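Participant: The following block contains the structure, expressed as structure tokens.
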Amino acid sequence: MNPPYGRKIAGWVEKCYRESRKPGTRVVLLIPARTDTAYFHRFIYRTAREIRFVKGRLKFGNAQNAAPFPSMVVIF
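So, in structure tokens, the structure goes:
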């Protein structure tokens, strides 16, 4: 899951966390690596199966510029 990277990202992260609690469900997120946020500490840190930090900055398609922030892959 790759949510919109705006103010509503916390809601998306919470939804992913809650869905991952269902039996037989695995959820993978690609999100900004914002480890200082409340949603990171509430729904990711200590609850995720894995957190993988992406080296460098992501660049999609033919974009001229890379993302202005680091990214992480979270696996519930």
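When we follow the numbering used here, the leftmost residue of the sequence shown carries the number 21, and every step to the right adds one.
No residue lacks a Cβ here, since even glycine has one placed at the ideal position from N, Cα and C.
Owing to the predicted nature of the structure, the values given are computational and were not obtained by experimental measurement.
1. Which word fits Met21, buried or exposed, when buried means at least 16 other C-beta atoms lie within 10 angstroms of its C-beta?
2. Tell me where the beta strand (DSSP E) around Arg38 begins and ends.
3. Looking only at C-alpha atoms, which of Phe89, Val74, Val48 sits nearest to Ile64?
4. According to the neighbour-count rule (16 or more other Cβ atoms, all chains shown, within 10 Å of its Cβ), is Val33 buried or exposed?
5. According to DSSP, is Phe89 helix, strand or coil?
Facilitator: Quick look at the numbers:
1. Met21 should be labelled exposed.
2. Careful: Arg38 lies outside any beta strand (DSSP E), inside the alpha helix (DSSP H) at 29 to 40.
3. Here the closest residue by C-alpha is Val48.
4. By the neighbour-count definition (other C-beta atoms within 10 Å, threshold 16), Val33 is a buried residue.
5. The answer is coil: DSSP assigns Phe89 none of H, G, I, E or B.
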